[in-house]
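Reading through the structure tokens given below for one structure.
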Amino acid sequence: MPRMVILDGNSLVYRAFYALPTLTTADGRPTNVLHGFLTMLFRLEQEQQPDYWVVAFDKTKATVRIEQYAGYKAQRKETPEGLRPQFDYLKDVLTELEVPMLELAGYEADDLIAVVAKQAEAQGMEVQVYTGDRDALQLISPKTNIYLTKKGISEVECYDEHALWERYQLRPYQIIDLKGLMGDSSDNIPGVPGIGEKTALKLLLEFETVEGVLANVDKVSGKKVQSNLKEFADQAILSKKLATMLTEVPLVFSLDDLVYRRSQANKVLPVLLKYDLRNVTRLWQERHKDNGEPIGESPDVLLEDWPERKLTDADWLAQIDQWRERKDPLTLACRYEGTGLQGGHWLEWGIATLGESFTFAREVVSAEVLKAWSELMGDDHVPKTVADSKTVALLLANEGTCLKGVVLDMSLASYLIQSSRPKFAPLDLVKEYVANQAVFENVATEAAALAQVAPKFEEEIHSLGLAHLLHEIEEPLSLVLAQVERHGIAVDAEKLSSFGEGISITLKQLENGIYALAEETFNINSPKQLGIILFEKLGLPTAKKTKTGYSTDAETLEELRLAHPVVAKILDYRQLNKLMSTYVNGLLAQVKDGRIHTTFQQTVATTGRLSSTEPNLQNIPMRLEQGRQLRKVFHPTEPGWVLLSADYSQIELRILAHYSQDPLLCESFSLGQDVHTRTAAEVFGISLDAVTSEMRRSAKAVNFGLVYGLTEFGLSRDLGIPRKESKFYIEQYFKRYSGVKQYLENVVAKAKQEGQVHTLLNRLRRIPELLSSNRVQRQFGERIAMNTPVQGTAADIMKLAMIKVAEGLKPYRAAMLLQVHDELLLQVAPEDLQSVARVLIEAMENAFPLSVPMTVECKVGPNWYDMQSFKPME
DNA sequence: TAACTCACG
DNA sequence: ACGTACGTGAGTTAC
Numbered sequence: 001m002p003r004m005v006i007l008d009g010n011s012l013v014y015r016a017f018y019a020l021p022t023l024t025t026a027d028g029r030p031t032n033v034l035h036g037f038l039t040m041l042f043r044l045e046q047e048q049q050p051d052y053w054v055v056a057f058d059k060t061k062a063t064v065r066i067e068q069y070a071g072y073k074a075q076r077k078e079t080p081e082g083l084r085p086q087f088d089y090l091k092d093v094l095t096e097l098e099v100p101m102l103e104l105a106g107y108e109a110d111d112l113i114a115v116v117a118k119q120a121e122a123q124g125m126e127v128q129v130y131t132g133d134r135d136a137l138q139l140i141s142p143k144t145n146i147y148l149t150k151k152g153i154s155e156v157e158c159y160d161e162h163a164l165w166e167r168y169q170l171r172p173y174q175i176i177d178l179k180g181l182m183g184d185s186s187d188n189i190p191g192v193p194g195i196g197e198k199t200a201l202k203l204l205l206e207f208e209t210v211e212g213v214l215a216n217v218d219k220v221s222g223k224k225v226q227s228n229l230k231e232f233a234d235q236a237i238l239s240k241k242l243a244t245m246l247t248e249v250p251l252v253f254s255l256d257d258l259v260y261r262r263s264q265a266n267k268v269l270p271v272l273l274k275y276d277l278r279n280v281t282r283l284w285q286e287r288h289k290d291n292g293e294p295i296g297e298s299p300d301v302l303l304e305d306w307p308e309r310k311l312t313d314a315d316w317l318a319q320i321d322q323w324r325e326r327k328d329p330l331t332l333a334c335r336y337e338g339t340g341l342q343g344g345h346w347l348e349w350g351i352a353t354l355g356e357s358f359t360f361a362r363e364v365v366s367a368e369v370l371k372a373w374s375e376l377m378g379d380d381h382v383p384k385t386v387a388d389s390k391t392v393a394l395l396l397a398n399e400g401t402c403l404k405g406v407v408l409d410m411s412l413a414s415y416l417i418q419s420s421r422p423k424f425a426p427l428d429l430v431k432e433y434v435a436n437q438a439v440f441e442n443v444a445t446e447a448a449a450l451a452q453v454a455p456k457f458e459e460e461i462h463s464l465g466l467a468h469l470l471h472e473i474e475e476p477l478s479l480v481l482a483q484v485e486r487h488g489i490a491v492d493a494e495k496l497s498s499f500g501e502g503i504s505i506t507l508k509q510l511e512n513g514i515y516a517l518a519e520e521t522f523n524i525n526s527p528k529q530l531g532i533i534l535f536e537k538l539g540l541p542t543a544k545k546t547k548t549g550y551s552t553d554a555e556t557l558e559e560l561r562l563a564h565p566v567v568a569k570i571l572d573y574r575q576l577n578k579l580m581s582t583y584v585n586g587l588l589a590q591v592k593d594g595r596i597h598t599t600f601q602q603t604v605a606t607t608g609r610l611s612s613t614e615p616n617l618q619n620i621p622m623r624l625e626q627g628r629q630l631r632k633v634f635h636p637t638e639p640g641w642v643l644l645s646a647d648y649s650q651i652e653l654r655i656l657a658h659y660s661q662d663p664l665l666c667e668s669f670s671l672g673q674d675v676h677t678r679t680a681a682e683v684f685g686i687s688l689d690a691v692t693s694e695m696r697r698s699a700k701a702v703n704f705g706l707v708y709g710l711t712e713f714g715l716s717r718d719l720g721i722p723r724k725e726s727k728f729y730i731e732q733y734f735k736r737y738s739g740v741k742q743y744l745e746n747v748v749a750k751a752k753q754e755g756q757v758h759t760l761l762n763r764l765r766r767i768p769e770l771l772s773s774n775r776v777q778r779q780f781g782e783r784i785a786m787n788t789p790v791q792g793t794a795a796d797i798m799k800l801a802m803i804k805v806a807e808g809l810k811p812y813r814a815a816m817l818l819q820v821h822d823e824l825l826l827q828v829a830p831e832d833l834q835s836v837a838r839v840l841i842e843a844m845e846n847a848f849p850l851s852v853p854m855t856v857e858c859k860v861g862p863n864w865y866d867m868q869s870f871k872p873m874e
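full-length UniProt numbering numbers the first residue of the first sequence as 1 and each following residue consecutively.
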């Protein structure tokens, strides 16, 4: 449950002022309130870890209450001399701490507190109110607790309904009756003369309210009390009214404005020092260090000059020998021509080790030295640090050389430390930690620079708990990916071409048809021109707009399908044109020797997924039949071999089940049920048999949405239903799957505190969006917080599986061809099909066992289209 | 280069 | 009152 912490600024400031001795800055400004208030603030921040918080202040020139009663607070003294300026100081500091503040002319902090508390409760939050004013006890509810300052300010006493009863034998709503009877001298609420706390409590225990007391005034014991009650009945009623916190306040704010944000050192430290708050500064630093603070703020490596040693042929042999003998740690940089994948070749290597650097140039060394070099690279016992091991491995592979012994891949390390950073090129990596100018004059200085910052990466990796993920998963995987890329996948270019010819013909017909219906020719591929034709010339109704004009995307056009015959043709045209340009032409341009070699990007996706480029083989058409046909062109390289695919079934929902431990979701997977059907049964409150396909479709959309950070809007759009209906689905879902709801709330709350989330294997994603001043951005951050642990854990598990599969495949005639997030595609010799399928399933299902079973489904076929379900024999 | 559109999980 | 599902890459147009 999200937690809202509300502080009564005025009350706490007064408490601090009177509780603490006079303290001043060097130039004599009073600061004792700052000390007291901030000490308390930091303590509660640490102990309560609020999700939302706010400090409310009075702004009482002429309060609403003075209109009601002229004497209200009349006798309150002027604000003491040393206190007045401290309000401004405090607001100054709170601003830099990014603690939200509220004040409203004519209202007291009390009233604002009541309003915020009420709204927060309505949003299902737990509310804590910190104040020295017992009036606030009237706000107590099952969800709201009041923390009253005890002696001093930093100690507080928590009041809930139970504690209130224990202490006063009062219900929260009776607090105002208490004040009505006994009054409050500090606010100059008169109450009834002669009635103090004791009498008031006794009366309320018997008669419940002021009204109850007055109605039964004759039964009240004590003559004087009785007569005073009669005489001052009106005053009692008025006093009660004055003590009532107003909740009808014209206060415009959104709870999102009160979201807790981590304070930033560059803002906080200057303002604390401005007021000479040394102890408070120390406290702040203690509370905020080591807690998700962004890295790389203080570059602290001064690059040294590692002298370059020039070697002759004979020296090189001796040197390489020595390196192998002594297992010296080598840091490598590489210059190359072409690309690793397209048979590119390295030109020279920079080598840095133990304060020295070297340039190993192909041109100047003999074949014998090259052979020694090759052995050095393949020696598992010689530890190597590189910036990008996949590229290095590919370049070496082009020479028939293996890369072994990589102990640190700095780009991968950097990616794990900051998954969202845009670049991981060697120079960027070095700049991350280096204070002086880093320029790579040559490959030797590059290696030397990399070697000097490498320990910083290793250090950071360890302190973030990423060592296992880096060394046991990402680094080994990069070598697996190098193999997969290098192998490539066979493509039937002729079939692809003839596929394209067929498309071309249809495309031409559609084009002419569109021109005829539009009665002019134009560029159909231009959304701008298309928009003008559809919405201006043909006058079709405009639904959506983009920044620059009319929206013409498929969703919009689908709405207009019946409005004009040209629309359907445009939709068809779009679909075929996409197939033609992106897939037929795009892929044909990438075919080399009958194969396509994609590049898997390992440092791009912020969630930890791989991506695939040049070409992207992770988005080959599947959903629509026409596009799906394209998969027929992907086939095994070897005649007679088959393609074997293996899909994780519902991996993300299983991970959600594991994280949330929701009983229904877990049970659904343990029993091997169709999870969407089960969800439909739960949401609609019917039996499994009664679920219609339409219900299942809705439930499926809910399940998908869950993983993305469900919104009413998204679901209603996805299902094409009204917001009301999607809201209902979501409510029903969370009623039944309360564990899931709980989990999602927790993960967001924790993310807000830490500014980051992590996956099961501890992959980290910082979410600066959570700190954004823009509400839309913050909500985006919340959805990221819900999605990343799930999507990222799926990526982790698949990566683990790939390493196991690559190892398990070695005895067989088989190769890994592609990874498509939850699917692996292999090619296998028919005689090894059974064994390989068993290895595959075993590796994937048990890569990282969860509390629910993981299941993998295999398919086999002669090409990527004609795939038939396949189960290996036991 | 940005914006739009659309392919995948 | 506003702008919204999560993660990618590629082709095209238009500035």
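Positions of the beta carbon are idealized from the N, C-alpha and C atoms, including for glycine.
*The beta strand (DSSP E) with residue 884 in it runs from where to where?*
Nothing about residue 884 can be reported from this structure: the residues present for the chain run from 1 to 874 only.
_For Q322 and A361, the rounded distance between their alpha carbons_ = Rounded to the nearest angstrom, the two C-alpha atoms are 19 Å apart.
_Boundaries of the beta strand (DSSP E) in which K384 is found, first to last residue_ = Where K384 is concerned, the enclosing beta strand (DSSP E) stretches over 384-386.
*How should L394 be labelled, buried or exposed, when 16 other C-beta atoms within 10 angstroms of its C-beta is the threshold for buried?*
Taking a 10 Å sphere around the C-beta of L394, we find 16 or more other C-beta atoms and assign the residue as buried.
*Confirm, please, whether the CB-CB distance from R766 to D796 is below 8 Å.*
no
*Assigned exposure category for T131 - 16 Cβ within 10 Å defines buried*: That one is buried.
*Where does H658 fall in DSSP's three states?*
helix
*asked:* Please state whether the Cβ-Cβ distance between R723 and E712 is less than 8 Å.
replied: yes
*Classification of P811 by the beta-carbon crowding that lies within 10 angstroms, buried from 16 upward*: It is exposed - the Cβ of P811 has fewer than 16 other Cβ atoms within 10 Å.
*In chain order, what residues of the same chain lie with their CB nearer than 6 Å to the CB of V13, ignoring the 5 residues before and after it?*
V33
*asked:* Considering Cα atoms alone, identify which of A109, A646, N616, E81 is closest to G861.
replied: A646
*Is the CB-CB distance between G500 and V584 below 8 Å?*
yes
_Can you tell me where the beta strand (DSSP E) holding E157 begins and where it ends?_
156-159
_the stretch 739-757 contacting the stretch 657-665, beta-carbon criterion three pairs below 8 Å_ = yes
*Would you grab the beta carbon distance between L464 and L587 for me? Rounded to a whole angstrom, and I think it's under 8 Å.*
Contact between L464 and L587 is absent: CB atoms are separated by about 40 Å, not below the 8 Å threshold.
*Where in the stretch 399-460 do unbroken runs of the beta strand (DSSP E), each at least 3 residues long, occur, reported from the N-terminal end onward?*
406-409
*Between the Cα of Q418 and those of V633, D234, P768, spot the shortest distance and give me the residue it belongs to.*
Out of V633, D234, P768, P768 has the C-alpha closest to the C-alpha of Q418.
_Burial state of Q756, where buried means 16 or more other Cβ atoms lie within 10 Å_ = buried
*Quick one: measure Cβ to Cβ for V443 and T359, integer angstroms, because I've assumed they're closer than 8 Å.*
Contact between V443 and T359 holds: their C-beta atoms lie close to 6 Å from each other, under 8 Å.
*Just the Cα atoms here: how many angstroms apart are L178 and E81?*
33 Å
*Using the Cα positions of H345 and V365, report the straight-line distance between them to the nearest angstrom.*
15 Å
*Nearest to Q602 by alpha carbon, out of G781, T613, M622?*
T613
*For the alpha helix (DSSP H) holding residue 876, just list the boundary residues, first then last.*
Since the first and last residues shown for the chain are 1 and 874, residue 876 lies out of range.
*For G452, is the classification buried or exposed, using 16 other Cβ atoms within 10 angstroms of its Cβ as the cut-off for buried?*
The amino acid at residue 452 is misidentified as Gly; the sequence shows Gln. So Q452 counts as buried.
*For L427, which option in V439, L416, R421, S420 has the closest C-alpha, if you only look at C-alpha atoms?*
V439
*Who are the Cβ neighbours of R813 in its own chain at under 6 Å, not counting the five residues just before and after it?*
A829, D832
*Would you identify the three-state DSSP class for F87, choosing helix, strand or coil?*
Helix, per DSSP.
*Are there 16 or more other CB atoms within 10 angstroms of the CB of T95, so buried, or fewer, so exposed?*
Classification of T95: exposed, given that the 10 Å Cβ count is below 16.
*Simplified DSSP assignment, three categories, for Q49*: Annotated three-state conformation of Q49 is coil, per DSSP.
*asked:* With a threshold of 6 Å on Cβ separation, who are the neighbours of S581 within its own chain once the five nearest residues in sequence on each side are excluded?
replied: Listed in chain order, the non-local C-beta contacts of S581 below 6 Å within the same chain number zero, local neighbours out to five positions each way being set aside.
*Name the residue from Y336, D328, L376, E375 whose alpha carbon lies nearest to the alpha carbon of G355.*
D328
*asked:* Cutting at 7 Å between CB atoms, please list the residues of its own chain near E304, excluding the five before and the five after it.
replied: Q452
_Buried versus exposed, by CB contacts within 10 Å (16 or more), Q626_ = With fewer than 16 other Cβ atoms within 10 Å, it is exposed.
_Exposure of A749, with buried meaning 16 or more beta-carbon neighbours within 10 Å_ = buried
_According to DSSP, is A74 part of a helix, a strand, or is it coil?_
Here A74 scores only 49 on pLDDT, less than 50, and its place in the model should not be relied on; the value that follows carries that caveat. When secondary structure is reduced to three states using DSSP, A74 falls in the coil class, being assigned neither helix nor strand.
_Candidates D111, T607, P541, of which the one nearest T793 by Cα_ = T607
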